[in-house]
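Position one of the sequence shown corresponds to residue 1 (the UniProt record's numbering), numbered consecutively onward.
Structure, as C-alpha cells:
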Amino acid sequence: MSQVVATGIGSMPGGEPLAAEEENASAFAEALRVVLGELPDLAHLPELPGRGAIASMTGRGAALLAELAADLQPAGWRLTGSPGIDQRRARSLLARDLDTLEELAQEYDGVFKVQLIGPWTMAATVEKPRGDKVLADHGARRELAESLAEGLREHVADLRRRLPAVSELIVQIDEPALPAVLAAQIPTASGYGRHRSIDLPEASAGLARVLGAVTDAGAVPIVHCCAPEFPIELVRGAGARGVAVDLTLVDAVRADQLAEAIEAGERVLLGAVGSTSAGPAATKAQAAERVSRFLDMLGLEPTPAMTITPTCGLAGADATWVRAALRACREAAATF
Numbered sequence: 001m002s003q004v005v006a007t008g009i010g011s012m013p014g015g016e017p018l019a020a021e022e023e024n025a026s027a028f029a030e031a032l033r034v035v036l037g038e039l040p041d042l043a044h045l046p047e048l049p050g051r052g053a054i055a056s057m058t059g060r061g062a063a064l065l066a067e068l069a070a071d072l073q074p075a076g077w078r079l080t081g082s083p084g085i086d087q088r089r090a091r092s093l094l095a096r097d098l099d100t101l102e103e104l105a106q107e108y109d110g111v112f113k114v115q116l117i118g119p120w121t122m123a124a125t126v127e128k129p130r131g132d133k134v135l136a137d138h139g140a141r142r143e144l145a146e147s148l149a150e151g152l153r154e155h156v157a158d159l160r161r162r163l164p165a166v167s168e169l170i171v172q173i174d175e176p177a178l179p180a181v182l183a184a185q186i187p188t189a190s191g192y193g194r195h196r197s198i199d200l201p202e203a204s205a206g207l208a209r210v211l212g213a214v215t216d217a218g219a220v221p222i223v224h225c226c227a228p229e230f231p232i233e234l235v236r237g238a239g240a241r242g243v244a245v246d247l248t249l250v251d252a253v254r255a256d257q258l259a260e261a262i263e264a265g266e267r268v269l270l271g272a273v274g275s276t277s278a279g280p281a282a283t284k285a286q287a288a289e290r291v292s293r294f295l296d297m298l299g300l301e302p303t304p305a306m307t308i309t310p311t312c313g314l315a316g317a318d319a320t321w322v323r324a325a326l327r328a329c330r331e332a333a334a335t336f
C-alpha cells in the first residue's frame with residue numbers, strides 16, 4: 001500500500017426511480033465493482049441517489065433511524081407517528097445493498113468506508129409531523145440526533161458482521177448543510193424567512209452524539225462537507241477523527257485547521273479531482289500537483305492517513321468520468 005491512498009466521497013451515477021428492482025440491484029452491483037476495482041486500499045459503499053428519494057442522502061438517513069418513524073410527503077421526508085411505506089422501502093433497499101456488498105466484498109481486507117447524513121443536514125431537510133423543519137424545534141433536533149446515533153451503532157455492528165476481514169471501518173458523516181445551519185441560511189417552510197442559527201455548543205453536542213456512537217461501535221468517524229465555510233475546528237472538537245474537504249473551497253482559515261488535523265495524524269480526505277467534467281481535470285498529474293501545492297503551502301509532508309478523493313460525490317457524472325476520476329485519485333496517491 002502506498003503512503004497516501006485514494007477513495008471516493010460516496011455517491012455515483014446509476015439506477016432509476018421507476019426501474020425494476022432487478023435493474024437497480026444490477027446498477028448498484030456494477031457501481032460496487034467499479035469501487036472495489038479502482039479503490040483497492042480504501043473502498044466505500046456506493047450511494048446511487050438516481051434510484052429515487054429512498055436512495056437519497058436523506059432517505060438513507062431515514063432508513064437508519066431508531067425508534068423514529070418517517071414517511072415521504074410531497075415536500076420531502078417528514079417524521080410521523082408510525083413507519084410509512086417509503087421508510088420501509090428505504091430500509092429494504094439498504095438491506096439489499098448490504099447483501100450485495102457482503103457477497104462481492106467478502107474477502108476485502110483493506111480499510112472500508114460508509115457514508116451517512118449528519119444530524120444537522122438531516123434536521124435541515126426533514127420536517128416535523130406538523131410541518132416545518134426539525135431544525136425549528138430544540139427537542140426534535142436532539143431526538144433526531146439520538147435516533148441517528150442509535151441507528152448508526154446497529155449499522156456499524158451489521159457491517160462488522162458482514163465484512164469480517166476489513167482492517168478498519170470509517171464512517172463518513174455528510175454535513176453539506178452545516179455551514180448554512182450555523183449561518184441562519186436555511187429557509188423556513190414558507191420560504192419567506194430563515195431558521196435561527198444554531199449556537200456552537202448545541203451544534204457541537206448534536207454532532208458529538210452521532211460521532212461518539214461511531215467511536216463506541218469501534219469505527220472511525222470523519223465529517224465531510226463540500227460547502228464553503230466548513231467549520232473544521234468545530235467538528236474535530238465534537239469528536240471527528242478526520243475530515244473530507246473540497247480543495248477548491250479551502251481558504252486560509254480552513255487550510256490552517258486542516259494542517260492541525262494532518263499534524264495530529266487524523267485522516268484527511270483531500271478533494272483534488274472534479275466530481276464532473278466541469279471541475280478540476282481527472283488526470284493523475286494534475287491531481288498530484290494540486291495536492292503537492294497544498295502541502296507545500298502548509299510546509300507539510302504526506303502522511304499515511306492522507307487520502308485523495310474527488311471534490312464531491314460523483315452522482316452527476318457519467319460512467320466514463322467516474323472511472324477516470326477514481327483512477328486519477330488512485331494513481332495520484334501512488335505518486336506520493
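A virtual CB, placed ideally from N, CA and C, is assigned to each residue, including glycine.
All values derive from a computational prediction rather than experimental measurement.
Where residue i sits in the DSSP three-state scheme
i    : result
E127 : strand
S56  : coil
V250 : coil
Q286 : helix
L300 : coil
R323 : helix
E168 : strand
P119 : helix
I308 : strand
I262 : helix
A189 : coil
G242 : strand
A278 : coil
F336 : coil
D109 : coil
D256 : helix
Length of the line joining the Cα atoms of residue i and residue j
i    : j    : result
G76  : R141 : 17 Å
L72  : P201 : 31 Å
L247 : R327 : 18 Å
M1   : P40  : Note on M1: pLDDT 42, under 50, position unreliable in the model; no value is reported.
L36  : R78  : 35 Å
L249 : A255 : 10 Å
F112 : E266 : 16 Å
A184 : I173 : 21 Å
G316 : T276 : 6 Å
A252 : E289 : 19 Å
A332 : D132 : 45 Å
I170 : P221 : 6 Å
L104 : A165 : 13 Å
A157 : E143 : 22 Å
H155 : Q257 : 30 Å
C312 : C226 : 6 Å
E175 : T335 : 30 Å
A136 : A70  : 17 Å
T58  : V126 : 8 Å
D97  : A203 : 31 Å
Residue span of the beta strand (DSSP E) that contains residue i, given as start and end
i    : result
G76  : G76 to T80
I198 : No beta strand (DSSP E) holds I198; DSSP gives it neither H nor E.
A317 : Premise fails: A317 is in no beta strand (DSSP E) and is neither H nor E.
G271 : R267 to V273
L65  : First-last for L65: undefined, no H or E at that position.
Residue i - containing alpha helix (DSSP H), residue span
i    : result
H155 : H138 to R162
G237 : I232 to G237
Q87  : I85 to L104
A180 : L178 to L182
Please determine if the region 269-276 and the region 300-314 are in contact, where contact requires at least 3 C-beta pairs separated by less than 8 Å. yes
If you scan the region 2-55 from start to end, which runs of the alpha helix (DSSP H) of 4 or more residues do you find wholly inside it? 21-38
At 3 residues or longer, and completely inside the region 201-230: list those beta strand (DSSP E) runs for me, N to C. 220-224
Closer than 8 Å is the cut-off here; do at least three beta carbon pairs connect the region 250-270 with the region 224-237? yes
Would the region 81-100 count as touching the region 201-210 if we require 3 or more Cβ pairs under 8 Å? no
Contact the region 7-17 vs the region 291-302: 3+ CB pairs below 8 Å: no
Spell out a yes or no on whether the region 17-36 and the region 92-102 are touching, meaning 3 or more CB-CB pairs, one atom from each, closer than 8 Å. yes
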